Every structure is written in structure tokens, then in C-alpha cells.
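J.: Protein chains in written order, with the numbering used here: chain V, 1 to 372; chain L, 1001 to 1372.
Shown next as C-alpha cells:
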């Protein structure tokens, strides 16, 4: 099949691999580099779609595994897809479910055919094949679908890594063949563990099959930051420059800066939302814990430099009170702040690449950090 | 001291005691009859002040006991009062803390001087006198303060009721004397248990002291609805017609209709917010439980007649999914719906009184109910 790229390159840094681009989905155009908030169960936890729109979120991620189990992709399809079901007008990327099934450990069994697993909710026996993973994502109405991949434990031997990566390639072919809705995008996932040459080989194998974009999978699984950066550096140059590159499940604000530096266009992570619910909040000076007693009487906003709804209207003392009182509003306000921080960071990064000042931006980013 | 009423009578029903009025606070003018959402710990649970404003909430209730214990009234005073601390621009009524202390049962000891009690959070020994209850409410920046009252268990003997009611009168005098911020309103609370003549006597005693409004306390404590209505009917005519009447802690939608019918101007209750979090939702046809399996695949909104944010944007199936998945958005969307239902009911009641069609309104209200 002839492949058309959904990516338009708008500019690149003269000093690193950072690039400014656009990804076209049937839902609209996404400005990259982009961060995608995670909406596991048909909602980005603790915020509304209007909150996301106000923060200028462009695309969110839905978890196929969770939605497959509850409420079921068929129900969501009857409701016109996930966009309509959850009232989200932006784009949606769905993962394939592979990572979650892999996380079930002894509840999952991987064969050539696919992944047999038991629901974490009720123990029901379920099966996801590569074809099925595509059909479920199509039913969900996903704009960007991901191939079913096998995840590789860390650490893993070279032999284990080769075997799992080869299976991912065979599954990727089957996903590509099952993909019959051409208005949706399908991304391949580069595995290869912590072996640079396996990463490069796998990238070549996936390019051979041909996808609308390429993801770097199997990172941020417990390895050192340096190793994660090395694997990114090994993979990105092996991918076609005119297709979007997505670093899956990454990461901290610094990880985003470093990923962009190395040529990544798309990121997702539960960190801003999950941390928010635990009271860990991102600021221009680093991460703070709102649990800390010193905030109980602090009349300043979370971050003096932040323009989010939470920072415009509430003091650290109030947020401290809500957190200690376990009020639902605490999760809401903290999540708005953290997502705004991530989305605003990406907007600033895009601006810096446009003016070819990303090196300076990265330097300033680190020099402001106090707490981490 | 000369007493000026904050109440303006705008109209009354020709067929019952229902009346349309306004209560002036330093924060603005409240259209009555009015329902006051409860914001126990410095937030109406699961919604923002903007959500409340969008639903046209005019006044909310803050719980003195809870705020006294955490984060403390002195901290809130340093932050410019509760309005500023929690970012709420409407009016605030604070209770006195009496009811919550009474609910602590064996942790509380009532003497002539006041109420000694232990914090439900850490067991700390605390004391609230009538004077102190006023000073704490002043520190909170309350627009409408309540006298510290003693609560009467149900059932109670006549002797027990007389003793507790007389103590409430003596405390009310002390509250009145301690009340030195004349831009705030102070309401007396009529007790008298389930004895109509004690209710009337107590009303007279409080009128003698002189307050800016009068509350009916000690109802909705486990008695039959009929008895609650009888006590309301015994009390309202004993109160001055040119002052606001507030029925504390009441109640169901039908209780509001019946309270208005008997001349009540103000209500508060945790029912819409608490029920929302338990999945019990109010509709024009009665209460439904979103837990019910029949809603899993139901594409209709919660209430076809409702114009709230939740009903405009989400299906029962989506709300069912969020509830079963225990998503925070479930509490948020359900609370918006239930509060909108209550506030909209009161707006409709005000409209019906204005056109002297409240009898018809009440008849229609009951004839539409299917589920309850």
C-alpha cells in the first residue's frame, strides 16, 4: 500500500535534533512537539474536556485494555466512539493494550497468536490478537492507533530481546493488514530493548511494513535516564525524517526536554495527573509536595510564573487545606495545574524551536530548577 | 439595639404561606426562597466556585466546626476570610458548630458555659462558648452567622426539651451581645423539640432578644415528615413576617416544596451533594440510582428536562461507566447535576410564587414523580 505521511515539518533546531511540526488526524491538526494527557478509562482523571480545551490540550490518550474491559469497545462504538462518549472534540490516540496486559504479569500469557489474559476486574478470560487490537481501537474511534507489541522486561538478555522484538514485528505486519480504515493513522512501535543495534534493526523492519508514524516503546521501564537517552538517540536517526516520532510513556519535564532535543515529536505520561492526585506539583522551580507543612500558611500561588486556573485563583495554603482534608477539589485543582504545566512547557518548547533558541531554552529550564 | 430587617417581601401566595422575597447581605442580594449548597470544609464538595456561579447559586453554607478544627478560623482570617480563601464571590452563611458538636455524642459535654468537645481528627480538647462561636464566625468572614444552640435528641421528653431550649435562649442572648460587627447578619435558632407550644414560646423569647432572621432548628432529626411539617407550621406564624425564615438542614426536593408552602425562605442540606457522590440523582421524574444496570447502555441524558452541564453533554451510559470505574469525574458531573436540580427547583418555585401559581406548581411537581 502506498503510504502518505501525516507529518509536516515546519522547522528544526540548528543545534540539535529538535523539530517543529504538525501531525494531521481526521480530527484536526496537532502542533508538535506535543504532550498527550492520559485518559485511561474514558476520562482524563479529575478534569473535564472543557478544562482540557482551556489548557489547549490537542490530543489525549485512551487505554485500549481498560476500555475493552469496561465499559467495552462495542458499547463505546454504539455511542459513536470515544470522542462522542466522553465529549472530547480533540484527537485521540489509543494504545494497543499490550503494555497493560504485560503489566498483568502472571495473569497474561503471550503466544504467537496473541495475548491471553485475565481481567484485573473480575478475572474473566480474555484474548487480544494483533487483528483484534486494531478492531477494538477502530471501534473506539481512535484517530491514532498503535500496533499490539510485546513488552520486554528490564533487564533482559539479548536473546529474550530478539525473540520479543521479532514477535512484535510479526504482530506489526498483522496489525497493518487488519487496518482497513484509512482515515485513521496506525503507528508501529520500535522495540529492541536496551540494544542499540536491535533498535535500529527493528526500526528498519517496521519501515519496511510501512506505518503512519513510529513510536519508541519499552523505555522508562526502570533503566537509568542515560540509557533511555541512548536508546532514543539510537532509534530516532533510524526512523524516516518525514514521519512523526512518539516516545511512549515518557516522562518527567526534563525527560520531555531531552526527548525533544533528540528529535521526538509526541509524548504521553500519567505523571502529571497521577502526581497531582498525590500532591506532587510541578513548578518552574521544580517539583513541590503540597503535603509539606510549610505550605499551610503560604499565601502565594503554586507557581508565580503559572497562568493556570488554579494559580490565578488559589493560594498554596488553600491547596494544602484541600489536600489534607482529602477534598475532591484538591485532585481537580492539582490536576489542572500539573497538566497546564506540561502543556505550557510544550508550547514554550515549540516557540523556542520556532525561533531556533531551544538550546538557550533548555539551559534556562535547568538553571531555574531549585527543588529537584 | 434597634433592629433593621434585611428582608424585603416581594410577594406572597394567595393560597398558602409561600412568599417571594430578598435578603440583603453585605455581599449582595439573595432572591428567596433560596437553597444554600453546603460547603463543609471550605469547598462545596466536587465542584468549583465557577460551577456554582454557573448554576446561579447565590449563597453557600460553611461549617464552623469543621473550619475551626481545620485549617482554623485564624488562618482563614489572615487570608481575608472564607470568601477570599476559597474564591467564592457570593454570600456565605455559617452554622454555629452546635449541631456538629452535638453529633460527636460522647466526645462532647454541654455546660452552661458552652460546649467542651474533642476534635474528630486528632482528639484535641476544644471548647466553644456562645461568644466564641460568634468570634469564630466573624473571623471566617461569614455574611450570615448563626447563634450557638443546643440540639435536642429525638425523641426527647418535655422536661429535656424545656431545659435544652432555655439554655439555647441564654446562649442566644450571649451571642447577640458578642455580635459587634453590624454589617454581618445574626440569626437566632428556634428550638422547642416536637412541642408546638414550646416552639412558639421559644420564638417569642428570641424575638425579644432581636435577630436579623430566624431559623427553625432541630428538625429532620429522624421524626416523621408529618411531624416536621407540623413543627414548621407551629413556628413560622410565631415569627415576625418581615424577617427571613430559615429551615435548617432540610431536605428532599419535596421537603423544600412543603417548606416554602409553609412560609420558609431559606434551606440548606447535604442531600444533593452527598447523594451525587453515592450515585443517587434527582430528576423531574424522581430520584434514580446511576448504579442500576439498566443505565449501562442508556443513551439519554439523566433528565430530559434538565439544562445542566452534565445533561447537556453526557449520557446515562457514560455516567454509569464513570460511577462504576470510580472516576473523580463521576462525583463532579453528578454533583453539578444534583445541585442544578435543587437550584433550578428553587428558581421555578420563585417564578411560581411571582405568578401566584405555586399551588399548581406543587400539584405538577408531585404528579411528575415516578420513581420515589
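Note that the Cβ used here is the ideal one computed from N, Cα and C, for glycine as well. These numbers come from a predicted model, not from an experiment.
Thinking C-beta only, is residue 1196 of chain L closer than 8 Å to residue 1223 of chain L?
T.: no
J.: Helix, strand or coil: which one does DSSP assign to residue 1064 of chain L?
T.: helix
J.: With residue 1358 of chain L as the anchor, note down where its alpha helix (DSSP H) starts and where it stops.
T.: 1358-1368
J.: Which chain V residues are close to residue 1315 of chain L, counting only those with a beta carbon under 8 Å from its beta carbon?
T.: Residues of chain V with a Cβ closer than 8 Å to the Cβ of residue 1315 of chain L are, in chain order, 79, 85.
J.: Strictly under 8 Å for the Cβ-Cβ distance: is residue 1379 of chain L near chain V by that measure?
T.: Within the shown structure, residues of chain L are numbered from 1001 to 1372, placing residue 1379 of chain L beyond reach of any answer.
J.: Below 8 Å between beta carbons: does that hold for residue 58 of chain V and residue 94 of chain V?
T.: no
J.: Cβ closer than 9 Å: which chain V residues qualify as neighbours of residue 1094 of chain L?
T.: Within chain V, no residue comes near residue 1094 of chain L; the closest Cβ sits about 16 Å away, beyond 9 Å.
J.: Please compile the residues from chain V whose C-beta is within a distance smaller than 8 Å of the C-beta of residue 1223 of chain L.
T.: Per Cβ cutoff of 8 Å: no residues; residue 1223 of chain L is ~32 Å from chain V at best.
J.: Helix, strand or coil: how does DSSP classify residue 1027 of chain L here?
T.: coil
J.: Name the chain L residues whose beta carbon is nearer than 9 Å to that of residue 6 of chain V?
T.: Ordered by position in chain L, no residue passes the 9 Å Cβ test against residue 6 of chain V, which lies about 29 Å from the chain.
J.: Starting from residue 1103 of chain L, trace the alpha helix (DSSP H) in both directions and tell me its first and last residue.
T.: 1098-1103
J.: So, helix, strand or coil for residue 1371 of chain L, using DSSP?
T.: The pLDDT assigned to residue 1371 of chain L is 49, lower than 50, so where the model puts this residue is not dependable; a value taken from the coordinates is nonetheless given after this. In the structure shown, residue 1371 of chain L sits in coil (DSSP, three-state: anything other than H, G, I, E or B).
J.: What residues of chain V sit near residue 1340 of chain L, judged by a beta carbon separation below 7 Å?
T.: Near residue 1340 of chain L there are no residues of chain V at all, since even the closest Cβ is about 15 Å away, more than 7 Å.
J.: How far does the alpha helix (DSSP H) with residue 195 of chain V in it extend, from its first residue to its last?
T.: Where residue 195 of chain V is concerned, there is no enclosing alpha helix (DSSP H), given that its DSSP letter is neither H nor E.
J.: Give a yes or no on whether 8 Å exceeds the smallest Cβ distance from residue 46 of chain V to chain L.
T.: yes
J.: Note down the Cα distance separating residue 88 of chain V from residue 1313 of chain L, rounded to an integer number of angstroms.
T.: 10 Å
J.: Do we get a CB-CB distance below 8 Å when we pair residue 356 of chain V with the residues of chain L?
T.: no
J.: With residue 12 of chain V as the anchor, note down where its beta strand (DSSP E) starts and where it stops.
T.: 7-12
J.: What does DSSP give as the partner residues of residue 188 of chain V in its beta bridges?
T.: V/214
J.: So that I know if they touch, is there some Cβ in chain V lying closer than 8 Å to that of residue 1070 of chain L?
T.: yes
J.: Within 8 Å, do at least three Cβ pairs link the stretch 260-276 of chain V to the stretch 335-353 of chain V?
T.: Judged by Cβ distances under 8 Å, the stretch 335-353 of chain V makes contact with the stretch 260-276 of chain V, as three or more pairs qualify.
J.: Listed in chain order, which residues of the stretch 293-310 of chain V have Cβ atoms closer than 9 Å to some Cβ of chain L?
T.: Taking 9 Å as the Cβ-Cβ cut-off against chain L, the residues of the stretch 293-310 of chain V that qualify are 296, 297, 299, 309.
J.: Which chain V residues are close to residue 1327 of chain L, counting only those with a beta carbon under 7 Å from its beta carbon?
T.: 41, 43, 45
J.: Along chain L, which residues have their Cβ under 7 Å away from the Cβ of residue 318 of chain V?
T.: 1085, 1086
J.: Going by DSSP, which residues form a beta bridge with residue 144 of chain V?
T.: Answer by DSSP bridge pairing, in chain order: V/93, V/185.
J.: Report the option in V/187, V/269, V/53 whose CA atom is closest to the CA atom of residue 35 of chain V.
T.: Residue V/269 is the option with its Cα nearest to residue 35 of chain V.
J.: Check for me: the beta strand (DSSP E) holding residue 286 of chain V runs from which residue to which?
T.: For residue 286 of chain V, the enclosing beta strand (DSSP E) begins and ends at 286-289.
J.: Between the beta-carbon of residue 1082 of chain L and the beta-carbon of residue 1042 of chain L, is there less than 8 Å?
T.: Yes, the Cβ-Cβ distance between residue 1082 of chain L and residue 1042 of chain L is below 8 Å.
J.: Residues of chain L with a CB under 9 Å from the CB of residue 324 of chain V: which are they?
T.: 1070, 1071
J.: Residue 26 of chain V to residue 117 of chain V, Cα distance in whole Å?
T.: 32 Å
J.: For my contact list, residue 266 of chain V and residue 246 of chain V are in at a C-beta cut-off of 8 Å; report their separation, rounded to the angstrom.
T.: For residue 266 of chain V against residue 246 of chain V, the beta-carbon gap comes to about 4 Å, under 8 Å, which counts as contact.
J.: In the stretch 109-132 of chain V, which residues sit with their C-beta less than 9 Å from some C-beta in chain L, listed in chain order?
T.: none
J.: If we ignore side chains and look at the alpha-carbon of each, how far apart do residue 4 of chain V and residue 66 of chain V end up?
T.: 31 Å
J.: Does DSSP put residue 1260 of chain L in a helix, a strand or coil?
T.: Residue 1260 of chain L: helix per DSSP, three-state reduction.
J.: Strictly under 8 Å for the Cβ-Cβ distance: is residue 332 of chain V near chain L by that measure?
T.: Taking CB atoms only, residue 332 of chain V has a neighbour in chain L less than 8 Å away.
J.: Spatial neighbours of residue 298 of chain V within its chain, please: C-beta separation below 7 Å, excluding the five flanking residues on both sides.
T.: 315, 316, 317
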